[in-house]
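Only one structure is covered here, and it is reproduced in the block below.
In UniProt numbering, the protein residues as written are 1 to 172.
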C-alpha cells in the first residue's frame, strides 16, 4: 500500500510547489493573481535568510516498487515566522493545499500537526492562517482541529496593501 510522508521541502521541490500554488489559486478562483516563478521560490525559500519555509506531502510508492519511480508531491504547507506584540513569536501558514484526489486521507491534518510541532519547537505561542469564507470544508477542518475563527470570536477584519498602494504611500 502506498503512503504519504510529510517532510521539509528542498530546493528541488520548487517546481512541484509552484504547480500546487497554481492549483490552489485555481481552486480559490484567483488563478490570475499568481505572479511567482520557480526561480523566485528558490531564491526566497532556500538560502541564508529564507523568507518562507515549506512542508511537502510526498506520495510514496508501495513497498517493492522502485522508490524513485512514483514519488509525487501531492500537497504542501508554506509558512513563515511573524511576531505578535501581545504574544511574541508566531507562525503564519500562508498556504495549505492537498490535491483533490488525495483529500480525505488526513494529509492536511498531518501538515497542520507538523506546523504545530515546528511552532512549539521554535517557541511560538500560536500559528495563524486565513481561509476564504466559502471554503466550508477547510473552515470545518480547522475548527475541528481546535482553531479559533477570529472573525467570529473577535471581529477582526483582514486588510492588504498591494504594491500600487505601497508605492503611493512611500511616494515612489
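Just so it is clear, CB atoms sit at the ideal spot from N, CA and C, and this is done for glycine as well.
query	result
Quick one: what does DSSP say residue 56 is sitting in, helix, strand or coil?	strand
Report the rounded CA-to-CA distance for residue 91 versus residue 106, giving the unit in angstroms.	21 Å
Could you please give the first and the last residue of the uninterrupted beta strand (DSSP E) stretch that includes residue 95?	88-98
Which residue from 103, 153, 52 puts its Cα closest to that of residue 59?	103
CB-CB under 7 Å to residue 26, same chain, minus the five flanking residues each way: which ones, in chain order?	none
Counting pairs of Cβ atoms below 8 Å between the region 112-131 and the region 69-88, do you hit three or more?	yes
Cα separation between residue 130 and residue 93?	8 Å
If you drop the 5 nearest sequence neighbours on each side, which residues of the same chain put their C-beta closer than 6 Å to that of residue 46?	11
So, for residue 50: in the same chain, excluding its five sequence neighbours on each side, which residues have a beta-carbon less than 6 Å away from its beta-carbon?	none
Using 9 Å as the threshold, is the C-beta distance between residue 6 and residue 96 below it?	no
Along the chain, which unbroken stretches of the beta strand (DSSP E) at least 3 residues long are found entirely within the region 91-159?	126-129
Residues in the same chain with beta-carbon distance under 8 Å from residue 109, minus the five sequence neighbours each way, listed in chain order, please.	141, 145
What residues are listed by DSSP as bridge partners for residue 8?	55
My output table needs one value for residue 71: the three-state DSSP class, helix, strand or coil.	coil
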